[in-house]
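Peer 1: Following this message is one structure expressed as structure tokens.
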Amino acid sequence: MNSVEKPVTEARKEFADLVNRVAYTGERVALTRRGKVMAALVSAEDLELLESLRAGRLDLAQTGTPAPTAPVQQPDRPRQAPLRIAAEYRPGGPPRPPGFGR
């Protein structure tokens, strides 16, 4: 299948046409910013394939055959604590000296 690169600024102007092109021809469109690929438009079929790959349900060695359902072994890594909020908005508060307002 063909793949086309389009700058994001051009893609905005041609969005409907690009979507039709992807949907009806299966062509992939890579959206670029300053020459670097930032995102892509892919057909629904390609998206389904990518989601299957990501979920680990597809074995690329056997085309069209799902991978065995054995659990995937992850390397033993210590569990990290979840990230916490670094700052939070608190309305009000003490009055600020003149010149330090927002």
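In short: position in the sequence shown from 1, add 380, done, that's this note's numbering. Where is the CB? At the ideal position from N, CA and C, for every residue including glycine. Keep in mind the model is a prediction, meaning the values are calculated, not measured.
1. Between Arg-414 and Pro-387, what straight-line distance do the alpha-carbon atoms span, to the nearest angstrom?
2. Tell me, please, which residues DSSP counts as bridged to Leu-421.
3. Any idea if Val-417 is buried or exposed, counting beta-carbon neighbours within 10 angstroms, 16 or more meaning buried?
4. For Leu-398 and Thr-389, I'd like the C-alpha separation in whole angstroms.
5. Under 7 Å: does the beta carbon of Gly-436 sit that close to some heavy atom of the ligand COA?
6. Can you tell which of Leu-430, Ala-424 and Lys-393 has its C-alpha closest to the C-alpha of Glu-407?
7. Go ahead and label Leu-429 buried or exposed: buried means 16 or more other beta carbons lie within 10 angstroms of its beta carbon, across all protein chains shown.
8. Among Ala-435, Ser-432, Arg-392 and Leu-433, whose alpha-carbon lies nearest the alpha-carbon of Leu-411?
Peer 2: According to the structure data:
1. Within the sequence shown, residue 414 is the residue found at index 34, counting from 1. Within the sequence shown, residue 387 is the residue found at index 7, counting from 1. Distance between the alpha carbons of Arg-414 and Pro-387 is about 8 Å.
2. Here residue 421 is taken as the residue at index 41 of the sequence shown, counted from 1. Paired residues: Val-409.
3. By one-based count along the sequence shown, residue 417 stands at place 37. With fewer than 16 other Cβ atoms within 10 Å, it is exposed.
4. By 1-based counting over the sequence shown, the position of residue 398 is 18. By 1-based counting over the sequence shown, the position of residue 389 is 9. Using only the alpha carbons, I get a separation of about 13 Å.
5. Of the ligands one can find in the structure shown there are none, so the ligand COA has no counterpart to examine.
6. Residue mapping note: residue 407 aligns to position 27 of the sequence shown, counting from 1. Comparing Cα-Cα distances from Glu-407 to each of Leu-430, Ala-424 and Lys-393, the minimum goes to Ala-424.
7. Locating residue 429 in the sequence shown gives position 49, counting from the first residue. Taking a 10 Å sphere around the C-beta of Leu-429, we find fewer than 16 other C-beta atoms and assign the residue as exposed.
8. Sequence index remark: in the sequence shown, residue 411 carries index 31 (1-based). By alpha-carbon distance to Leu-411, the top candidate from Ala-435, Ser-432, Arg-392 and Leu-433 is Arg-392.
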